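J.:
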Amino acid sequence: MKATASSGQRERLVIVGNGMVGHHCVEQLVSRGALQRFEVRVFGEERQRAYDRVHLSEYFGGSCAETLALCEHDFYEANGVHLHLGEAVLEIDRERREVVTAAGRYGYDQLVLATGSYPFVPPIEGSSGNARLVYRTLDDLDGIRAAAAGARRGVVVGGGLLGLEAANALKSLGLEAHVVEFAPRLMPVQLDGEGGAALKAQIEALGVGVHLSRATQSVSAGETYRYRMNFDGGEHLETDLIVFSAGIRPQDALGRGCGLDIAARGGVVIDNHCRSSDPRIFAIGECASWNGSVFGLVAPGYSMARNLAGLLMGEAAVAFTGADMSTKLKLLGVDVGSIGDAHGATPGARSYRFIDEANSAYRRLVVDASGKHVLGAVLVGDNSYYDTLLQYAQNGIALPADPAALILPQGGGAPALGADALPDSATICSCHNVSKGAVCAAIDSGCSDLAAVKGCTKAATGCGGCAALLKQVFEHELTARGVAVDKSLCEHFAYTRQELYGLVRVEGIRTFSELLERHGKGHLGCDICKPAVGNILASCWNQPIMDPALVPLQDTNDTFMANMQKNGTYSVVPRIPGGEITPDKLIVIGQVAKKYDLYTKITGGQRIDLFGAQLHELPLIWGELIEAGFETGHAYGKSTRTVKSCVGSTWCRYGVQDSVAMALRLEDRYKGLRSPHKLKFAVSGCTRECAEAQSKDIGVIATDKGWNLYVCGNGGMRPRHAELFATDLDDEALVRLIDRVLMFYIRTADKLQRTSVWRENLEGGLDYLKQVIIDDSLGLASELESQMQHVVDQYECEWANALNDPEKLKRFRTFVNDRRADPDVHFVREREQRRPAAPLHLIPTVEEAV
1 MKATASSGQR
11 ERLVIVGNGM
21 VGHHCVEQLV
31 SRGALQRFEV
41 RVFGEERQRA
51 YDRVHLSEYF
61 GGSCAETLAL
71 CEHDFYEANG
81 VHLHLGEAVL
91 EIDRERREVV
101 TAAGRYGYDQ
111 LVLATGSYPF
121 VPPIEGSSGN
131 ARLVYRTLDD
141 LDGIRAAAAG
151 ARRGVVVGGG
161 LLGLEAANAL
171 KSLGLEAHVV
181 EFAPRLMPVQ
191 LDGEGGAALK
201 AQIEALGVGV
211 HLSRATQSVS
221 AGETYRYRMN
231 FDGGEHLETD
241 LIVFSAGIRP
251 QDALGRGCGL
261 DIAARGGVVI
271 DNHCRSSDPR
281 IFAIGECASW
291 NGSVFGLVAP
301 GYSMARNLAG
311 LLMGEAAVAF
321 TGADMSTKLK
331 LLGVDVGSIG
341 DAHGATPGAR
351 SYRFIDEANS
361 AYRRLVVDAS
371 GKHVLGAVLV
381 GDNSYYDTLL
391 QYAQNGIALP
401 ADPAALILPQ
411 GGGAPALGAD
421 ALPDSATICS
431 CHNVSKGAVC
441 AAIDSGCSDL
451 AAVKGCTKAA
461 TGCGGCAALL
471 KQVFEHELTA
481 RGVAVDKSLC
491 EHFAYTRQEL
501 YGLVRVEGIR
511 TFSELLERHG
521 KGHLGCDICK
531 PAVGNILASC
541 WNQPIMDPAL
551 VPLQDTNDTF
561 MANMQKNGTY
571 SVVPRIPGGE
581 ITPDKLIVIG
591 QVAKKYDLYT
601 KITGGQRIDL
611 FGAQLHELPL
621 IWGELIEAGF
631 ETGHAYGKST
641 RTVKSCVGST
651 WCRYGVQDSV
661 AMALRLEDRY
671 KGLRSPHKLK
681 FAVSGCTREC
691 AEAQSKDIGV
701 IATDKGWNLY
711 VCGNGGMRPR
721 HAELFATDLD
731 DEALVRLIDR
741 VLMFYIRTAD
751 KLQRTSVWRE
761 NLEGGLDYLK
771 QVIIDDSLGL
781 ASELESQMQH
791 VVDQYECEWA
801 NALNDPEKLK
811 RFRTFVNDRR
821 ADPDVHFVRE
831 REQRRPAAPL
841 HLIPTVEEAV
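Quick note on the UniProt record's numbering: the sequence shown kicks off at 1 and runs consecutively.
1) Taking the straight line between their C-alpha atoms, what separation do you get for Ser220 and Pro123?
2) Does the beta-carbon of Trp651 have 16 or more other beta-carbons within 10 angstroms, so that it is buried, or is it exposed?
3) I need the boundaries of the beta strand (DSSP E) containing Asn291, first residue and last residue.
4) In whole angstroms, what separates the C-alpha of Gly17 from that of Gly116?
5) Only counting the same chain, and skipping five residues up and downstream in sequence, which positions put a Cβ closer than 6 Å to that of Glu478?
6) Using 8 Å as the threshold, is the C-beta distance between Gly196 and Met187 below it?
7) When we look at the beta-carbon of Glu223 and count the other beta-carbons within 10 Å, is it buried (16 or more) or exposed?
8) Tell me the DSSP secondary structure of Ile602 in three-state form.
9) If Leu737 sits next to Ala726, beta carbons under 8 Å apart, how far is it from one beta carbon to the other, in whole angstroms?
10) Pick from Leu332, Ala800, Ala288 and Pro279: whose alpha carbon is nearest that of Leu311?
11) Roughly how many angstroms lie between the CA atoms of Gly126 and Leu254, to the nearest whole one?
12) Work out the CA separation of Gly765 and Met788 for me, nearest whole Å.
13) For Val134 and Asp142, which I take to be in contact (beta-carbon distance under 8 Å), what is that distance rounded to the nearest angstrom?
14) Who does Thr327 pair with in a DSSP beta bridge?
15) Specify, as a first and last residue, the run of the beta strand (DSSP E) that Val156 falls within.
16) Per DSSP, what kind of secondary structure is Val254 in: helix, strand or coil?
17) Between the alpha carbons of Phe474 and Ala264, how many angstroms are there, rounded?
18) Quick test of your reading: Tyr106 and Val14, contact by CB under 8 Å. State the CB separation rounded to the nearest angstrom.
19) Roughly how many angstroms lie between the CA atoms of Ile509 and Tyr495, to the nearest whole one?
20) So which of Asn804, Asn79, Arg747 and Ser384 has the shortest CA-CA distance to Gly502?
21) Kindly list the residues whose CB is nearer than 6 Å to the CB of Ser289, restricted to its own chain and excluding five residues on each side of it in sequence; keep chain order.
22) On the three-state DSSP scale, how would you describe Leu679?
23) Among residues of its own chain, excluding the 5 on either side of Leu553, which ones have a beta-carbon nearer than 7 Å to its beta-carbon?
24) Taking 8 Å as the cut-off, decide whether the C-beta atoms of Gly520 and Phe493 are in contact.
25) DSSP on Tyr636, reduced to helix/strand/coil?
26) Using 10 angstroms around the beta-carbon of Lys638, count the other beta-carbons present and answer buried if the total reaches 16, otherwise exposed.
27) Can you name the residues that DSSP bridges to Met564?
28) Based on the DSSP output, what are the partners of Thr427 in its beta bridges?
29) Is Ile621 near Val592, with beta carbons less than 8 Å apart?
30) Do you know how far the Cα of Gly234 is from the Cα of His24?
31) Between the beta-carbon of Asp240 and the beta-carbon of Arg153, is there less than 8 Å?
32) What's the gap between the Cα of Lys585 and the Cα of Ala628?
33) Where are the alpha helix (DSSP H) runs, 4 residues long or more, that stay fully inside the segment 9-43, in chain order?
34) Can you list, in chain order, the residues of its chain with a C-beta nearer than 7 Å to that of Asn801? Leave out the 5 residues immediately preceding and following it.
35) In three-state DSSP terms, what is Glu165?
36) When we look at the beta-carbon of Gly285 and count the other beta-carbons within 10 Å, is it buried (16 or more) or exposed?
Structure representation (structure tokens):
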């Protein structure tokens, strides 16, 4: 195929690469109206359109390619951009100004290389197949998942950022994970020796093996596992699969092939305007080398893309002059931060260090010779100090008289810089290069809420690490303009959730209508206040949510006490406390699943999900499960979900306490507890941490003296490491503290606020929480315990309650006025298993169901 001349007078712009940086360049061009000037053609070697590589590990946590996609499926077509997926560019013909693919030749007037990088795999004898996996693309992750099937142990070669992400992926797949690093410390580029040691201790505490100063010489057949990795010096390590994450190399083959200048260490050489040695060819992102440096973070690539888009559109040229490589992230649930000159390489630099060996935490502050300005910082174990230190470093803000105060324990991070102390040039969002001035301009242009500011500026829509700072600046600027920051729950209640909780509790209010009449306005409420008030009422009084006065407050999942799935069916999740289950109960679940043709899946919370139930089948299914001794698992509610456990001292030779018994006790106590958001617990029987307690809202880890309590961690979209709250507790003291923490959270958190976010926003931080809960500084301890006991005493299985009430069962009819299912509806299950509708004579009536 020969490319034809471009339509009209438009220039032909070809972008090679549809990764994050290439896609951002397209977004910038579209927003600038480039399609009036250019015919844009984009080539992507992968089959998927641009996706978020920053959160690639979430692919193993349930995210799919569509979830990670950076745009809607029709973005390119809707904006007139020609997208060629799965079509690699093989060659650049500079003389004819064409790119060559297997499908043909395409002409260009301007060419942008955004080909990114590729993983470096050292030449090791015997490494092939499952001993030569890499961690870079979705296809790579699919390959790792396939290799993990039936495997017991996996090893990652490389202890850098991606290496630790890969180790987390192996751990999430159920493998025993190990990391092998050639350097004497983890993350050698970002961390110093003490920081690397602290990170190593935290990661080993999570059950991941760390092997430093190891050079793999060859791979041979193993004895206990499939492969043996033979190290320099005679040591070895056996494994079932090997993932290489030993660094990246610029994907500069196209530039090399067509004769562009290439840097000594790889990468297409570019000037300050991203132009290569050919004035018609540009390079951006990890395939480009500026002043001999290749930038491996997304923020510098985005900066290049923005600058280039402006240049192509004839705007005043903005030079690319390097990038801030500061980064804040969470690896295997451990906070890690690196800012500026983290190693103190600047002449005259001096350092302040805080080392907490008991908790494997480390902070280093690097200042200049005058002691007045921050040059860099290293953080391991607590990133709450990061935002403040970054602003000091980026904006040259003068240090306080005692710089060490910025890294000493403060109970919530470094003393925060007020938003008014930040200059307009201060960078709020590094990913999209959004300054404080740009945020102020957005507010002045009419953005009156945080969502509008995000939409206008793109701030906090990249990695999301600046969300808290953006909120702080936004609210400060509104106040400075004389605009009251309205924290009302909604138009019907001029109160926060915390204030409404207090009114409900103090006045003994038990219905929405009573609360609305006393303290609200309007007659009906809305989709914001009704579920929030329903949650508050349940947290206070624990009445069955199917009671007539409470049903209108519930969302779809709570209304039917089941999670609605994307095909309109529902999931059934019986409670399996602590993951402990008898063979008889396993058989019942299997029989129910077969009878109702349900898809079954073991969850990360040690339960069994049953998917594909139709509405009218829910009472029938639950009737059989409850008869067998099961209870509702509350998977549909903002409530206690699971208490995960290892096997503890009962079976494990490392266990020092009976973690299963404690998990059973905690789940039995807190089942049915409604809270602002879902709650997950875990109990580990020793510090090997097999239950992953330090990523849970409430985590308990056994010691030889009792239990250590961790609080306010979570996984998901915004993972946060739980914090050590109390040590060596006996059983009763542990339960008392959990009672108090949970009830204080329920009383004071905002609507739909996870414990992790609540803790981050808690004024005074962890120290304040300890004062309230452990020291009883507010005199609330007995009241919190009493309130929790009331909820515990009021517990009743919601499905058992519904099955005993014919009126409540009427909600589970497919049609309000007909007991029968629709004979014309046929459900097609996932994996192409076709499910026929049940014959009419087999559909029981509601009365028969009871």
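Every residue, glycine too, gets a C-beta built ideally from N, C-alpha and C. What you are looking at is a predicted structure, and each value in this text was computed from that prediction instead of being measured.
T.: This is what the structure holds:
1) 14 Å
2) exposed
3) Asn291 -> no beta strand (DSSP E), and no H or E assigned at all.
4) Near 7 Å, if we compare the C-alpha coordinates of Gly116 and Gly17.
5) The question names Glu, but residue 478 is Leu in the sequence shown. Cβ neighbours of Leu478 beyond the five flanking positions: Val485.
6) yes
7) Exposed, by the Cβ-count rule.
8) Correct three-state label for Ile602: strand.
9) 6 Å
10) Pro279
11) 30 Å
12) Cα to Cα, the separation comes out at about 23 Å.
13) 12 Å between Cβ atoms; not a contact.
14) Ser338
15) Arg153 to Val157
16) Note that residue 254 is Leu in the sequence shown, not Val. Correct three-state label for Leu254: helix.
17) 45 Å
18) Cβ atoms of Tyr106 and Val14 come within 8 Å of each other, at about 6 Å.
19) Cα to Cα, the separation comes out at about 15 Å.
20) Arg747
21) Ala263, Gly267 and Val269
22) strand
23) Closer than 7 Å at the Cβ level, and outside the excluded window around Leu553, lie Phe512, Lys530, Pro531, Val533 and Gly534.
24) yes
25) The DSSP-derived three-state label of Tyr636 is coil.
26) Counting the other Cβ atoms within 10 Å of the Cβ of Lys638 gives 16 or more, which makes it buried.
27) Residue pairing by DSSP places Met564 opposite Tyr570 in a beta bridge.
28) Ser435
29) yes
30) 48 Å
31) yes
32) 7 Å
33) 20-31
34) Pro544 and Met546
35) If DSSP states are grouped into helix, strand and coil, Glu165 belongs with the helices.
36) By the 16-neighbour rule on beta-carbons within 10 angstroms, Gly285 is buried.
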